[in-house]
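Chemist:
Protein chains: 2
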Amino acid sequence: MSETSDKEQPRRRQARGERRIAQLLQAAAQVFCTTGYTAASTNAIAREAGVSPGTLYQFFPNKEALAIELGDRLIHEMQETYGEALTPVEPATPLEEAIGTAVDRFIAFNTEHPVFFALMHGPDVPGRIAEAHDQLHATLVGRIEGLLGSLMPGAGPADVTRTAHVCLGVYKAGLELVLAHEGAERAAYVQEIKDVLIRYLEPLVGDRLGHG
Amino acid sequence: MSETSDKEQPRRRQARGERRIAQLLQAAAQVFCTTGYTAASTNAIAREAGVSPGTLYQFFPNKEALAIELGDRLIHEMQETYGEALTPVEPATPLEEAIGTAVDRFIAFNTEHPVFFALMHGPDVPGRIAEAHDQLHATLVGRIEGLLGSLMPGAGPADVTRTAHVCLGVYKAGLELVLAHEGAERAAYVQEIKDVLIRYLEPLVGDRLGHG
DNA sequence: GACAAACACGAGCGGTCGCTCGCATTCTTG
DNA sequence: CAAGAATGCGAGCGACCGCTCGTGTTTGTC
């Protein structure tokens with residue numbers, strides 16, 4: 001009990017090591033993005049990073065740990081995003097504006113980190129990553145439930161949960177369309193996502209304000 | 001040039017062979033459904049079908065051909081479904097009813113053939129299957145465009161195409177939610193898909209009839 | 001029954017992939 | 001500088017997978 005943890009043996013990393021880790025994670029993101037998790041070979045990731053296979057395994061015990069570390073960093077960064085994207089529940093903000101800003105922030109995050117979509121969407125991801133995905137998914141649904149719950153006072157909890165799942169599903173489907181286009185067409189699809197969500201939620205939240 | 005085709009050598013199949021082919025396709029559907037295409041091993045498919053690996057390759061030249069034959073049969077069967085699901089454009093039918101019946105038929109098909117979703121959704125499917133998927137996707141979008149075009153007279157062709165893509169995307173997202181639930185909850189999600197589509201399309205198709 | 005074609009088997013070939021290990025090199029520390 | 005730890009290398013091991021091939025069995029035809 002004198003140690004901070006019994007399985008923790010903090011290898012003293014040098015600055016070089018931290019740089020290699022960053023290189024490897026970036027290379028893994030690149031390869032995962034283009035070929036998916038399963039098809040991505042560790043040798044290809046090492047080659048992309050400009051190191052040997054042995055060097056990769058100096059810093060990551062196996063391929064899964066590499067993907068998990070990558071996913072953890074992405075999720076951590078996303079939590080900062082959706083922490084700001086989904087928290088403001090001031091009853092004064094109209095529905096359109098709330099949905100608009102939330103969608104914009106999520107789209108911005110996903111376009112800046114396309115790996116996230118690749119890692120979280122593949123049916124080939126191993127157990128631990130799928131768990132992380134489910135956990136993030138549940139967290140997001142919970143947040144949306146919180147927002148909807150205060151907007152749909154007359155609905156049961158099961159209805160709120162269902163509505164939250166539908167909202168997230170619609171967003172994901174729209175994200176796929178957004179990532180498949182560029183420029184003006186991409187912007188048009190972003191607007192479509194907002195329209196779908198607004199028209200879907202408007203009748204549910206009762207008559208609050210601002211639908212004209 | 002005396003043959004009907006230079007690469008066609010019609011092996012005379014016996015009744016036993018046809019039975020084996022059906023067994024193998026069914027086994028492949030089972031294995032693809034549970035593990036996905038890439039992770040499914042041909043040996044596992046043969047084992048599931050109760051035959052040896054060599055027997056499998058008596059009827060299919062390779063793993064991809066097996067998946068393609070399976071996909072072709074599914075697409076052929078689906079075309080009978082959506083041929084009936086998307087054709088009626090009688091201007092008399094209200095929007096709600098048209099969407100309701102179309103969604104019901106597609107959901108029925110997809111719940112009866114879960115392999116279809118697995119084969120068409122995996123990012124791991126090889127080139128030919130992805131092509132078949134894209135072709136089906138394009139066909140479906142074209143059909144929806146046809147329906148929308150006559151309903152949205154004031155919109156440009158790019159807008160109609162975009163709207164069709166959004167409709168199909170919303171349906172796919174809803175399908176995932178529907179397949180993840182059972183019984184009454186599943187039925188509730190089916191209704192949600194219809195609501196999303198109806199509310200999304202209602203303002204677009206101008207004031208026709210029946211929104212009350 | 002005789003003969004050929006279709007069917008069935010399963011050990012194993014060639015190849016890839018995740019990962020290891022022995023050794024060389026570079027950094028830190030005193 | 002010396003010593004040890006951290007980093008770096010890459011040939012190759014073991015396992016798995018798609019697929020083959022030599023051989024044996026069943027079916028259709030005369």
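Taken in sequence, the protein lines are chains A and H. Quick note on numbering: UniProt numbering labels position 138 of the first sequence as 138, and the sequence is numbered without any gaps. Quick note on numbering: UniProt numbering labels position 186 of the second sequence as 186, and the sequence is numbered without any gaps. We put the beta carbon where it would ideally sit given N, CA and C, even for glycine.
1) If the cut-off is 8 angstroms on Cβ atoms, which residues from the stretch 160-175 of chain H count as contacting chain A, listed in chain order?
2) Give the secondary structure of H:R12 by DSSP, where H, G and I count as helix, E and B as strand, and everything else as coil.
3) Note the first and the last residue of the continuous alpha helix (DSSP H) segment covering A:H137.
4) Suppose you measure from the CA of A:G154 to the CA of A:L148; what does that come to, to the nearest Å?
5) Are any of the Cβ atoms in chain A nearer than 8 angstroms to that of H:G210?
6) Taking H:L168 as part of the alpha helix (DSSP H), name the residues at either end of that continuous run.
7) Pick helix, strand or coil for A:L204, following the three-state DSSP scheme.
8) Is DSSP giving A:N62 helix, strand or coil here?
9) For A:G71, which three-state DSSP category applies?
10) Output yes if chain H places a C-beta closer than 8 angstroms to the C-beta of A:R199; else output no.
11) Throw me the rounded Cβ distance for the A:I68 and A:I129 pair, which I believe falls under 8 angstroms.
12) What three-state label does DSSP hand A:G100 in the structure shown?
13) Note down, in chain order, all residues in the UniProt domain "HTH tetR-type" (18-78) of chain H with a beta-carbon under 8 angstroms from any beta-carbon belonging to chain A.
14) If the criterion is Cβ atoms closer than 8 angstroms, does the pair A:F32 and A:V115 meet it?
15) Applying the criterion that 16 or more other CB atoms from any shown protein chain within 10 Å of the CB defines a buried residue, is A:R11 buried or exposed?
16) Give the straight-line distance between the Cα atoms of H:S2 and H:Q30, rounded to the nearest whole angstrom.
17) List, in chain order, every chain A residue whose beta-carbon is nearer than 9 angstroms to that of H:P203.
18) For a test of the three-state rule: what should DSSP assign to A:L209, helix, strand or coil?
19) Measure the alpha-carbon distance for H:K194 versus A:Q58 and round it to whole angstroms.
20) Answer yes or no: do A:R199 and H:P203 have a C-beta to C-beta separation smaller than 8 angstroms?
21) Under a three-way DSSP split, which group does A:V51 fall into?
22) Can you have a look at A:N43 and say buried or exposed, based on whether 16 or more other CB atoms are within 10 angstroms of its CB?
23) Using only alpha-carbon positions, find the residue among A:A108, A:A187, A:D72, A:R73 that is nearest to A:E84.
24) Within 10 angstroms of the Cβ of H:D72, are there 16 or more other Cβ atoms? Answer buried if so, exposed if not.
25) For the candidate residues A:R186, A:E48, A:R47, A:K172, whose alpha-carbon lies nearest to that of A:L197?
26) Suppose you measure from the CA of A:L56 to the CA of A:A46; what does that come to, to the nearest Å?
27) Taking A:V141 as the reference, which of A:T163, A:S41, A:V51, A:T38 has the closest Cα?
28) Answer with buried or exposed for A:N62, where buried requires no fewer than 16 other C-beta atoms within 10 angstroms of its C-beta.
29) Residues in the same chain with beta-carbon distance under 6 angstroms from A:V103, minus the five sequence neighbours each way, listed in chain order, please.
30) Is the shortest distance between the beta-carbon of H:E192 and the beta-carbons of chain A less than 8 angstroms?
31) Between which residues of its own chain and H:A132 is the CB-CB distance below 8 angstroms, once the five residues before and five after are set aside?
32) For the alpha helix (DSSP H) that contains H:A118, what are its first and last residues?
33) Which residues in the same chain as H:G36 place their Cβ atom closer than 7 angstroms to its Cβ, once the five residues preceding and following it in sequence are excluded?
34) Would you identify the three-state DSSP class for A:K7, choosing helix, strand or coil?
35) Count the other CB atoms within 10 Å of the CB of H:A22; is the residue buried (16 or more) or exposed (fewer)?
Modeler: With the given structure in hand:
1) R162, T163, H165, V166, G169, V170, K172, A173, G174
2) coil
3) 127-151
4) 11 angstroms
5) Low local confidence applies: a pLDDT of 43 at H:G210 is under 50, so the model's placement there is unreliable, with the coordinate-based value given in what follows. So no, H:G210 is outside the interface.
6) 157-179
7) coil
8) coil
9) helix
10) yes
11) 6 angstroms
12) helix
13) G36, T38, A39
14) yes
15) exposed
16) With a pLDDT of 39 at H:S2, under the threshold of 50, the modelled position of that residue is not reliable, and the figure given next carries that caveat. Their backbone Cα atoms lie some 42 angstroms apart in a straight line.
17) D195, R199
18) Because the pLDDT at A:L209 is just 49, under 50, the model does not fix this residue reliably, and the value given afterwards should be weighed accordingly. Three-state result, A:L209: coil.
19) 53 angstroms
20) yes
21) coil
22) exposed
23) A:A108
24) exposed
25) A:K172
26) 6 angstroms
27) A:T163
28) exposed
29) I193, K194
30) yes
31) I68, G71, D72, I75
32) 114-121
33) A118, G122, D124
34) Low confidence applies to A:K7: its pLDDT is 44, below 50, so where it sits in the model is not reliable enough to give any reading.
35) exposed
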